[in-house]
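Step one of this worksheet: look at the structure below.
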Amino acid sequence: MNTIEPGNNDEALGKLLKEWRTDAPLPLHFQEAVWRRIERAQAPAAASVWDTIADWIGTVLPRPALAASYVAILLAIGVTAGWTQARQETARVKGELGERYIRVLDPYQTPRQ
Amino acid sequence: MKKGFFILVLGLALAAAAYVCVYFLCTSSARNLEQSSQPELAWLKEEFHLSDSEFTRISELHAAYLPRCAETCRQVEVQNERLRALLAATNQMTPEIESAVAESARLRGECQRNMLRHFYEVSRTMPPEQGRRYLAWVQERTFMPGEGMMRDK
Numbered sequence: 000m001n002t003i004e005p006g007n008n009d010e011a012l013g014k015l016l017k018e019w020r021t022d023a024p025l026p027l028h029f030q031e032a033v034w035r036r037i038e039r040a041q042a043p044a045a046a047s048v049w050d051t052i053a054d055w056i057g058t059v060l061p062r063p064a065l066a067a068s069y070v071a072i073l074l075a076i077g078v079t080a081g082w083t084q085a086r087q088e089t090a091r092v093k094g095e096l097g098e099r100y101i102r103v104l105d106p107y108q109t110p111r112q
Numbered sequence: 000m001k002k003g004f005f006i007l008v009l010g011l012a013l014a015a016a017a018y019v020c021v022y023f024l025c026t027s028s029a030r031n032l033e034q035s036s037q038p039e040l041a042w043l044k045e046e047f048h049l050s051d052s053e054f055t056r057i058s059e060l061h062a063a064y065l066p067r068c069a070e071t072c073r074q075v076e077v078q079n080e081r082l083r084a085l086l087a088a089t090n091q092m093t094p095e096i097e098s099a100v101a102e103s104a105r106l107r108g109e110c111q112r113n114m115l116r117h118f119y120e121v122s123r124t125m126p127p128e129q130g131r132r133y134l135a136w137v138q139e140r141t142f143m144p145g146e147g148m149m150r151d152k
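Top line first, the protein sequences correspond to chains A and B.
Position 24, counted from 1, in the first sequence is what numbering that gives the first Met the number 0 calls 23; the numbers after and before it change by one each time, with no gaps.
Position 143, counted from 1, in the second sequence is what numbering that gives the first Met the number 0 calls 142; the numbers after and before it change by one each time, with no gaps.
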């Protein structure tokens with residue numbers, strides 16, 4: 000049964016808290032820890048890297064000029080990488096075939112079993 | 000947001016497609032060489048810009064040389080085996096070892112003469128400029144391997 004009237008709520012609670020006593024010791028640095036938690040809770044959350052990237056993709060990348068540049072640059076990277084890799088592979092195959100030609104003709108370079 | 004991701008993925012997909020297309024296009028000649036019936040001769044044709052008739056003649060010379068080369072190979076193998084056995088049986092020079100070493104040198108000389116004859120024949124079948132280039136290339140790899148190694152360092 001509630002004996003305290005609603006208007007006297009704060010007054011009654013204050014009185015009760017003043018009377019309240021406890022012997023239990025507080026943990027070490029309790030007060031600082033509480034303040035730290037309060038500060039953390041109040042600080043605005045820093046934007047994560049992913050949020051920044053997502054924001055950039057959502058707002059900046061769709062701009063026509065930037066989108067066209069982005070696609071053109073990636074296309075150029077793909078072409079250049081393919082061409083470079085192909086050149087190396089062709090040189091490797093041709094070098095191997097040349098060595099094979101010599102090994103076929105020169106008994107002293109034929110691999111022994 | 001959706002549009003941005005679409006552009007992002009489109010760019011990456013185009014880059015990958017461009018890479019694959021260019022790579023396959025530019026390696027097609029090397030793939031053709033590897034898939035031919037005699038890849039080393041196909042390589043020779045491409046490397047020294049041979050016409051079909053020159054290539055046919057060189058293929059004939061090549062086919063004629065191979066049995067002689069195989070026979071030399073067999074002799075070299077037998078001689079190496081003999082020399083290995085003689086060297087393992089003693090710790091000093093013996094008349095047998097001397098004769099085996101001399102025989103190895105004779106075989107090597109004969110092999111080099113045969114090779115050189117073949118190289119000259121092949122080079123004469125090529126256009127003069129390509130023939131000179133071919134001779135320089137084969138001689139460097141067969142007669143002057145030491146120089147090649149020194150140069151590579």
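Cβ atoms here follow ideal geometry from the backbone N, Cα and C, with glycine treated the same way.
Check: Length-filtered (4 minimum) alpha helix (DSSP H) runs lying within the region 105 to 148 of chain B; Outcome: 127 to 141
Check: Through-space distance from L32 (chain B) to M0 (chain B), alpha-carbon basis; Outcome: 49 Å
Check: Where the alpha helix (DSSP H) through R62 (chain A) begins and ends; Outcome: First-last for R62 (chain A): undefined, no H or E at that position.
Check: E41 (chain B) vs E88 (chain A) beta-carbon contact at 8 Å; Outcome: Correcting the residue type first, residue 41 (chain B) is Ala in the shown sequence and not Glu. Not a contact, by the Cβ cut-off of 8 Å.
Check: Other residues of its chain near V59 (chain A): CB distance less than 8 Å, five sequence neighbours each side excluded; Outcome: L65
Check: Cutoff 8 Å: E59 (chain B) Cβ touching any chain A Cβ; Outcome: no
Check: Close beta carbons around I101 (chain A), own chain, < 7 Å, minus the five adjacent residues each side; Outcome: Q108
Check: heavy atom of the ligand NAD below 7 Å from E95 (chain B) C-beta; Outcome: Because no ligand of any kind appears in the structure shown, any question about the ligand NAD cannot be addressed here.
Check: Where M143 (chain B) meets chain A, residues with beta-carbon distance less than 7 Å; Outcome: Within chain A, no residue comes near M143 (chain B); the closest Cβ sits about 12 Å away, beyond 7 Å.
Check: Reference A84 (chain B), options B:A99, B:T71, B:L65, closest by Cα; Outcome: B:A99
Check: Helix, strand or coil at R83 (chain B) [DSSP, three-state]; Outcome: helix
Check: C-beta contact flag for G3 (chain B) and L73 (chain A) at 8 Å; Outcome: no
Check: Under 8 Å (Cβ pairs) to chain A, residues found in the region 65 to 78 of chain B; Outcome: L65, C68, T71, C72, V75, E76
Check: Residue-level contact to chain B via CB, P24 (chain A), 8 Å cutoff; Outcome: no
Check: Whole-Å CB distance - F47 (chain B) paired with M125 (chain B), under 8 Å assumed; Outcome: 6 Å
Check: Nearest-angstrom Cα separation, counted from N8 (chain A) out to T21 (chain A); Outcome: 22 Å
Check: Cα-Cα separation between S103 (chain B) and T26 (chain B), rounded to whole angstroms; Outcome: 43 Å
Check: Rounded straight-line distance, which links the Cα of A42 (chain A) to that of R35 (chain A); Outcome: 11 Å
Check: Beta-carbon proximity of Y133 (chain B) to A80 (chain A), cut-off 8 Å; Outcome: no
Check: F47 (chain B), DSSP secondary structure in three states; Outcome: coil
Check: Rounded separation between E45 (chain B) and A14 (chain B) - CA only; Outcome: 31 Å
Check: Local conformation of D9 (chain A) per DSSP, three classes; Outcome: helix
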